[in-house]
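Below you'll find the structure, written out as structure tokens, and then a few comments.
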Ligand code: SF4
Ligand code: SF4
């Protein structure tokens with residue numbers, strides 16, 4: 019019931035709960051984009067259109083702070099630090115995220131394209147902790163071999179990845195998203211190429 023109300027408050031912003039975990043008598047609900055609906059909604063926002071830096075973070079702060087106030091919850095964000103809120107451990111403790119074979123987080127419905135726009139620390143209530151099964155255990159693991167420069171051969175070689183993405187040969191990654199993430203069958207095809215290109219631009223020029 020409480021979860022239904024929370025989900026209904028997120029839906030107008032194309033946001034969804036991705037996982038829940040207990041937190042000192044309360045519940046933390048992790049919030050991410052509902053793709054592909056999210057991108058066309060976000061690109062109509064004043065933050066996207068104003069040309070100032072960090073439009074998605076600014077949109078997330080405005081929207082999730084508003085939702086939190088409506089629900090008497092505390093808004094939490096993965097950006098804006100240091101210090102940074104421990105989203106990675108919250109995610110794995112929710113039972114719906116795991117470290118994938120290429121070390122990125124993988125989620126039970128959004129796969130390797132999972133991302134957080136924030137979280138809500140909810141007042142006491144009925145927020146079920148719905149754990150799931152790690153998809154990688156029954157998968158052919160195409161994510162491991164999909165990268166054209168083998169950036170996951172030994173951890174994640176960020177420099178090799180960036181060099182490829184910035185090159186002419188890396189146009190596919192740059193304009194349609196990471197090939198390794200796209201190889202994951204979970205949630206495959208939900209992220210629109212334009213949203214992937216937006217994140218790739220931020221990856222290459224984080225302060226643009
Ligand atoms: S491709 Fe398979 S192994 Fe790789 S993250 Fe997705 S489910 Fe896990
Ligand atoms: S963005 Fe492209 S180069 Fe970078 S890890 Fe993904 S597949 Fe490899």
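In the working numbering, the protein residues as written are 19 to 226.
Every residue gets a Cβ at the ideal spot worked out from N, C-alpha and C, and that includes glycine.
Per-residue burial, residue i [other beta carbons within 10 Å of its own, 16 or more giving buried]
{"i": "residue 176", "result": "exposed"}
{"i": "residue 148", "result": "exposed"}
{"i": "residue 45", "result": "buried"}
{"i": "residue 226", "result": "A caution first: residue 226 carries a pLDDT of 41, below 50, which makes its placement in the model too unreliable to give a value."}
{"i": "residue 74", "result": "buried"}
Closer than 7 Å: residue i CB and nearest ligand 2 heavy atom
{"i": "residue 186", "result": "no"}
{"i": "residue 196", "result": "yes"}
{"i": "residue 3", "result": "Given a span of 19 to 226 for the chain in the structure shown, any question on residue 3 remains unanswerable."}
Residue i Cβ short of 7 Å to ligand 1 heavy atom set
{"i": "residue 118", "result": "yes"}
{"i": "residue 203", "result": "yes"}
{"i": "residue 165", "result": "no"}
{"i": "residue 129", "result": "yes"}
Reduced DSSP category for residue i - H, G, I as helix; E, B as strand; rest coil
{"i": "residue 28", "result": "helix"}
{"i": "residue 37", "result": "strand"}
{"i": "residue 194", "result": "helix"}
{"i": "residue 214", "result": "helix"}
{"i": "residue 206", "result": "coil"}
Any chance you could list the beta strand (DSSP E) runs of at least 3 consecutive residues sitting entirely within the segment 116 to 174, in chain order? 123 to 125 and 136 to 140
Check whether the segment 148 to 162 touches the segment 89 to 105, taking contact to mean three or more Cβ pairs, one atom from each stretch, closer than 8 Å. no
Pair every Cβ in the segment 162 to 182 with every Cβ in the segment 127 to 140, then say whether three or more of these pairs are closer than 8 Å. no
Residue ranges of each alpha helix (DSSP H) run of no fewer than 4 residues wholly in the segment 39 to 115, ordered along the chain? 56 to 60, 64 to 67, 73 to 89 and 105 to 111
Three or more C-beta pairs below 8 Å linking the segment 105 to 115 and the segment 24 to 40: yes
Stretch-stretch touch, CB-based, cutoff 8 Å, three pairs: the segment 56 to 76 with the segment 121 to 128: no
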